[in-house]
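Structure, as structure tokens:
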Amino acid sequence: MKKKLKKDFNEIKKKLHQLSKIIQKEKNTEELIIIKVIVLTYLTVSVEPIFQGNLKNIKKDLLEKINETILIFNTLKIFKKFSKGNSEINLLKNEKFLNLHTNLWQQIWPEHSFKEYERLVEYRGKRLDYNRIRKEFQNKEVIEFGCGNGSILTALMKRGAKNCLGLDFGKKNILAAKKFSQKYKFGNKMKFLCADILNYKNKKKYDFIVCSAVLHHLKNKELMKKMITKFSNISKNGSYLYLFVRGFGGMRYEIQDICVKCFKKVKTGVLFNHLMYLGFNREKITHLLDWFKAIYLQTKPEYLEKIFRQNGFTKFKRLRGPHKNDLDINQIKKHENSYIAFGSGELRYLCKFN
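Here our numbering is used: the first residue of the sequence shown is 11, the next is one more, and so on.
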């Protein structure tokens, strides 16, 4: 059965790369950027129900959507002939890797209204509740590496954390986090610091360490290992690490990687404006900007678990997902075709330091 799954996966991948070549060979004129945004948004949105369904006909369903996307792109391209514009615009020339991610997340996180932020906090908190994680951080000291706008820390504070420190290299993210924390009146119990997590040094040890959706944006696996070692160095005996990194394989990740390649030379602000014009809400725009621009390392579970053991996190478990768009261990076990759709799934762990 595994042989057949690999064959099906490779057939879908071949068709997906055909789409990528068709899109990438076209220059980034103003009109073609709009067309690319429309067709890749269509692909991204149209495959979501497939991934969230029973996966029984995943090969047929995904090939159908990819073929539709090719047809839509070629059809919309016809209208380009009637346009006056023909110059390439908004290219990212010599933009450094760190600046790419700094700019991306500083455009996403600070833009939330307080109502949107509250929804995000409860979205984060639902995962804690679903996995019955509470005693691990209640009345305990917490630090988060790559806190963004502080939504995870806010969820922890609302559920009884003693105090929290959030670190992020984005100045706008930190300002947004401070602004939102004031709304909850946590006072000095919740602090935020603008800092590069790779270079941050602190002798203080913590009870609960958070690093969610950060390490897979680093340049390489060596930096990932360095960060996990750093987490162990600031852990008390019996401390917990709450970690999320991208997993390995799966057609969902393949589609996202193709989108990143197609938008490599297009600025995030341009994509943001087009998505706003198309009428998407803030949550969906956040998802799509991440999908179109964020670069990810892929990690196998056995590789990550080996690093945990090497750094004293000898007890660990993968967390379950409460949301329909999660790709956690409970979702990927539902159907044999999960291998095609999700590969290893997302790697969310709760680890205990001994």
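The C-beta atom is built at its ideal place from N, Cα and C for all residues, glycine as well. Since the model is a prediction, treat every value here as computed from it, not as a measurement.
For the alpha helix (DSSP H) containing residue i, list its first residue and its last residue.
i: Val55; result: Glu40 to Gln62
i: Tyr194; result: Lys181 to Tyr194
i: Phe241; result: Lys231 to Asn243
i: Ile317; result: Pro311 to Gln320
i: Asp336; result: Segment: none, Asp336 is in no alpha helix (DSSP H) and carries neither H nor E.
i: Arg262; result: Met261 to Cys272
i: Lys303; result: Arg292 to Lys303
i: Phe282; result: Thr278 to Tyr287
According to DSSP, is residue i part of a helix, a strand, or is it coil?
i: Lys31; result: helix
i: Gly158; result: coil
i: Gln341; result: helix
i: Ala205; result: coil
i: Ser354; result: coil
i: Glu132; result: helix
i: Gln308; result: coil
i: Lys13; result: helix
i: Lys3; result: The chain is shown from 11 up to 364; residue 3 falls before or after that span and cannot be answered.
i: Leu251; result: strand
i: Glu151; result: strand
i: Leu228; result: coil
i: Leu360; result: strand
i: Lys246; result: strand
Can you say whether residue i is buried or exposed, counting buried as having 16 or more other CB atoms within 10 angstroms of its CB?
i: Asn38; result: buried
i: Glu1; result: The chain is shown only over 11 to 364; residue 1 falls outside these bounds and no answer can be derived.
i: Asn77; result: exposed
i: Tyr287; result: exposed
i: Phe282; result: buried
i: Gln28; result: exposed
i: His122; result: buried
i: Arg256; result: buried
i: Phe258; result: buried
i: Thr296; result: buried
i: Asn159; result: buried
i: Gly248; result: exposed
i: Phe19; result: buried
i: Lys195; result: exposed
i: Phe352; result: buried
i: Phe83; result: buried
i: Gly197; result: exposed
i: Thr309; result: buried
i: Lys103; result: Because the pLDDT at Lys103 is just 42, under 50, the model does not fix this residue reliably, and the point stays unresolved.
For residue i and residue j, which I take to be in contact (beta-carbon distance under 8 Å), what is that distance rounded to the nearest angstrom?
i: Leu185; j: Cys174; result: The Cβ separation is near 17 Å, so there is no contact.
i: Leu53; j: Lys75; result: 6 Å
i: Leu357; j: Leu307; result: Rounded, the Cβ-Cβ distance is 11 Å, inconsistent with contact.
i: Cys204; j: Glu154; result: Actually they do not touch by this definition, with Cβ atoms about 13 Å apart.
i: Phe326; j: Leu360; result: 7 Å
i: Ile219; j: Ile244; result: 7 Å
i: Arg262; j: Phe61; result: 6 Å
i: Leu86; j: Ile48; result: 7 Å
i: Glu21; j: Lys69; result: 7 Å
i: Phe273; j: Lys193; result: That pair is no contact at about 34 Å.
CB-CB under 8 Å to residue i, same chain, minus the five flanking residues each way: which ones, in chain order?
i: Gly170; result: Arg144, Phe147, Gln148 and Asn149
i: Lys271; result: Ser30 and Gln34
i: Gly322; result: Ser242, Ser245, Phe363 and Asn364
i: Gly355; result: Gly257, Gly260, Leu337, Asp338, Ile339, Gln341, Ile342 and Ser348
i: Lys215; result: Ile244, Ser245, Lys246 and Ser249
Got a sec? Which residues, its chain only, sit under 7 Å from residue i by beta carbon, not counting five neighbours each side?
i: Asn7; result: Nothing about residue 7 can be read from this structure; the chain reaches only from 11 to 364.
i: Glu264; result: Lys23 and Leu26
i: Ala187; result: Cys157, Asn159, Gly160, Gly176 and Phe202
i: Arg330; result: Tyr140, Asn141, Asp338, Ile339 and Asn340
What span of residues does the beta strand (DSSP E) with residue i cover, start to end?
i: Val220; result: Tyr216 to Ser222
i: Gly176; result: Asn173 to Asp178
i: Arg328; result: Lys325 to Arg328
Could you tell me whether the Cβ of residue i comes closer than 8 Å to any Cβ of chain C?
i: Leu228; result: Absent from the structure: chain C. Only one protein chain is present.
Looking only at its chain, what residues have a beta carbon closer than 6 Å to the beta carbon of residue i, apart from the 5 residues adjacent to it on each side?
i: Glu105; result: At Glu105 the pLDDT is 45, less than 50, meaning the model places this residue with poor confidence and gives no usable figure here.
i: Lys235; result: Ile317
i: Ser161; result: Leu130, Val131 and Arg134
i: Tyr140; result: Pro332
i: Phe254; result: Ser222, Ala223 and Arg358
i: His226; result: Val255, Arg256, Tyr306 and Leu307
i: Glu126; result: Arg292
i: Glu128; result: none
i: Lys172; result: Asn149, Lys150 and Glu151
Taking only heavy atoms of the ligand FMN into account, decide whether any of them is closer than 7 Å to the Cβ of residue i.
i: Gly170; result: What this structure holds is no ligand at all, so the ligand FMN is not there to describe.
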